[in-house]
Amino acid sequence: TIAASFMINQLTITATAGIGGAITPSGAVHVNYGEDQKFEIEQNTGYSFSNLLVDGMHVDSTTSYTFTNVIANHTIAASFMINQLTITATAGTGGSITPSGVLSVNYGSNQQFTIISSTGYSIDSVDVDGDKVDSTASYTFVNVKENHTIYASFIQKTYIITASAGVGGTITPEGSVTVIHGSNQSFVIAPVTG
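According to this note's numbering, the sequence shown is numbered sequentially starting from 61.
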């Protein structure tokens with residue numbers, strides 16, 4: 061008697077995923093000749109699906125892909141991109157915030173801002189998403205997961221000139237006079253009769 065035995069050929073699909081997501085199953089996946097093999101694609105929090113290459117060619121699938129009637133080795137590679145969020149930074153008259161404008165920030169990253177007042181001004185307040193914060197000279201968004209705004213406002217410095225006159229005359233204005241930085245203040249001094 062002659063007995064012959066055979067085994068079905070196995071082929072390999074190599075599945076890989078870039079940073080920011082996963083493909084399941086992954087690695088060297090063995091598939092019996094003629095069978096189908098499905099792959100699931102999932103992005104991590106803070107990432108979006110970018111591209112899927114099957115045997116080096118782009119395909120439109122985004123969440124899964126199925127090889128049907130596998131009769132050759134294949135590759136499948138999923139790539140992802142980190143989500144971009146925005147922080148809008150503005151400053152009022154009398155100072156600056158650095159960096160300023162609409163900034164793109166990677167999901168989960170930190171972004172620091174420095175607030176500087178111009179000569180003759182001081183920092184009045186720093187508002188983050190419409191709420192006043194205690195920070196004045198700088199503020200750092202930590203682990204950014206949504207869009208934000210930051211606004212710095214400033215006030216002009218003021219000084220007090222105390223004016224008084226002795227017996228026999230007057231000074232106008234008299235008392236504590238508030239003067240804005242860089243401005244002028246005149247006083248009229250007059251003796252009384254005699």
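Note that the Cβ used here is the ideal one computed from N, Cα and C, for glycine as well.
{"query": "So Ala250 and Gly229 are in contact, right, with Cβ under 8 Å, and what is the actual spacing, rounded?", "result": "6 Å"}
{"query": "From Tyr211 to Ala223, what does the alpha carbon distance come to, in whole angstroms?", "result": "38 Å"}
{"query": "Hey, how far is the Cα of Gly168 from the Cα of Asn104?", "result": "12 Å"}
{"query": "Would you call the CB atoms of Met141 and Ser108 closer than 8 Å?", "result": "yes"}
{"query": "Whole angstroms are fine: how far does the CA of Gly106 sit from the CA of Val91?", "result": "33 Å"}
{"query": "Does the beta-carbon of Ala151 have 16 or more other beta-carbons within 10 angstroms, so that it is buried, or is it exposed?", "result": "buried"}
{"query": "Between which two residues does the beta strand (DSSP E) containing Val202 stretch?", "result": "Neither: Val202 is in no beta strand (DSSP E) and is coded neither H nor E."}
{"query": "Please determine, among Val202, Thr76 and Gln216, the residue with the shortest C-alpha to C-alpha distance to His241.", "result": "Gln216"}
{"query": "From which residue to which residue does the beta strand (DSSP E) around Ile73 run?", "result": "Gln70 to Ala77"}
{"query": "Which whole-angstrom value is the C-beta distance of Asp96 and Asn143, which I expect to be below 8 Å?", "result": "The Cβ separation is near 33 Å, so there is no contact."}
{"query": "Buried or exposed: where does Gln171 fall if 16 or more other Cβ atoms within 10 Å of its Cβ makes it buried?", "result": "buried"}
{"query": "On the DSSP letters alone, give me the boundaries of the beta strand (DSSP E) that Ile221 sits inside.", "result": "Thr218 to Ala223"}
{"query": "With DSSP as the reference, please indicate the residues paired to Asn92 in a beta bridge.", "result": "Gln70"}
{"query": "With a threshold of 8 Å, are at least 3 pairs of Cβ atoms found where one atom belongs to the region 150-165 and the other to the region 199-214?", "result": "yes"}
{"query": "Less than 8 Å between the CB atoms is what I'm expecting for Ser335 and Phe99, so what's the real figure, rounded?", "result": "Residue 335 lies beyond the residue range present for the chain, which begins at 61 and ends at 254; the question has no answer from this structure."}
{"query": "In or out: Ser65 buried (at least 16 other Cβ within 10 Å) or exposed?", "result": "exposed"}
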